[in-house]
Amino acid sequence: VLSLAISLIAAAEAFSPAGHPSLKPSLSASKQLPNAISRPFSLRETRATTISMQVQRVGTPCPASWQEGTEIILGGTFQTGELVVVDGTFCEIVKKVSFPPWSQDWEVNDGSETKTLPASKIGCATPAAMQSLESAGTAIFGGGGTGFFGGLFGGGNKNSQNAKLVNQVIPQQWKQGVDYTPAAGLKVGDIVVIMRTDRTLRFAQVVAGAGTGIWDLVVENDAQGAPAQSKREREAVMFTPANLE
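Adding 22 to a residue's 1-based position in the sequence shown gives its number in the working numbering.
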């Protein structure tokens, strides 16, 4: 009987069809599915990010002429440290929100704070747009002698002289309602007075409109007089100096 049992076990093992196709789909089989579906267009191919771009741009407004769907492509996936555009301002990707697992939210930093946004609200500039921005060089952001920003920050006109006031604390003897009044009818190039995080009143300069009653300001310049830090502020909380002569 024992001999018969051993023989039956051996026969069963020999019959086990190692090469038989399994009803359970195998991983290797799934990897060999026909490549019939074309690879989807990757937004990553439209992006241009370098360390120099990131350092110079984070927290600064992008050109007001840039349009979503043309110079700015919204949505997709991102990489930590990538330069992106949020509400007209260059920001940096901090990380992807990991919970819940299906989350499409990302943490972004605009140079002053980190916030969480859905991918659909985050955009990337196309390589052509960034190349155009970079090729303009100091004429746009660096205080050069040509172009609008060059004249605003690097020329000899009144605006460039006023730009030297940026980040300076207003005179101690100034009084609200006399030396500075609520802002109204602002335009690009104007010098304004705003309350900073340290509770001091300092000068800033309007560089772009960001919607009804909202403006992009330069609040700090570097040693060469080029914008180093920007801030988006509501006109309702800004003041206009009565006299800068």
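Glycine included, every Cβ here is placed at the ideal spot set by N, Cα and C. In this text, all values refer to a predicted model and were calculated from it rather than measured experimentally.
Rounded separation between residue i and residue j - CA only
i	j	result
G167	P123	Interpretation of G167 is limited by its pLDDT of 38, a score under 50 that renders its predicted location unreliable; the figure taken from the coordinates is listed afterwards. Each residue's Cα considered, the two are about 51 Å apart.
A150	A205	37 Å
T102	R254	24 Å
L139	Q195	43 Å
K209	T219	24 Å
S87	K137	25 Å
D244	A250	5 Å
D127	T82	22 Å
A70	G199	Confidence at A70 is low in this model, with a pLDDT of 42, below 50, so its placement is unreliable and the value that follows should be read with caution. Taking the straight line from one Cα to the other gives about 47 Å.
Q227	A264	15 Å
G107	I115	One detail in the question is off: residue 107 reads as Val in this sequence, not Gly. Straight-line Cα distance between these residues: approximately 10 Å.
V215	I192	8 Å
V119	E104	15 Å
R224	G231	20 Å
C84	F121	31 Å
T222	S134	17 Å
S142	L155	24 Å
M217	T111	20 Å
V130	D109	12 Å
G211	K117	35 Å
S252	T234	18 Å
L266	I236	23 Å
C146	V188	29 Å
G91	I144	12 Å
V80	A248	14 Å
K186	D201	19 Å
K197	C113	36 Å
F100	Q89	20 Å
Beta strand (DSSP E) segment containing residue i, residue limits
i	result
I144	No beta strand (DSSP E) contains I144, which DSSP labels as neither H nor E.
D127	D127 to N131
L96	I94 to L96
L223	L223 to G231
P263	F261 to P263
P204	Y202 to P204
V214	I213 to M217
Beta-ladder partner(s) of residue i, from DSSP
i	result
N243	P249
E114	L105 and N131
K186	Paired residue(s): none; K186 is not in a bridge.
S139	Position check: residue 139 holds Leu in this sequence, whereas Ser was assumed. Paired residue(s): W128.
E255	W237
P149	The partner list for P149 (beta bridge, DSSP) is empty, contrary to what the question assumes.
E156	Answer is none; E156 lacks a bridge partner.
Q198	Y202
V191	R224
P83	T111
* Asked: Given 8 Å as the limit, is there contact between the stretch 92-108 and the stretch 236-249, that is, 3 or more CB pairs closer than that?
  -> no
* So, do the stretch 201-217 and the stretch 255-266 have three or more beta carbon pairs nearer to each other than 8 Å? -> yes
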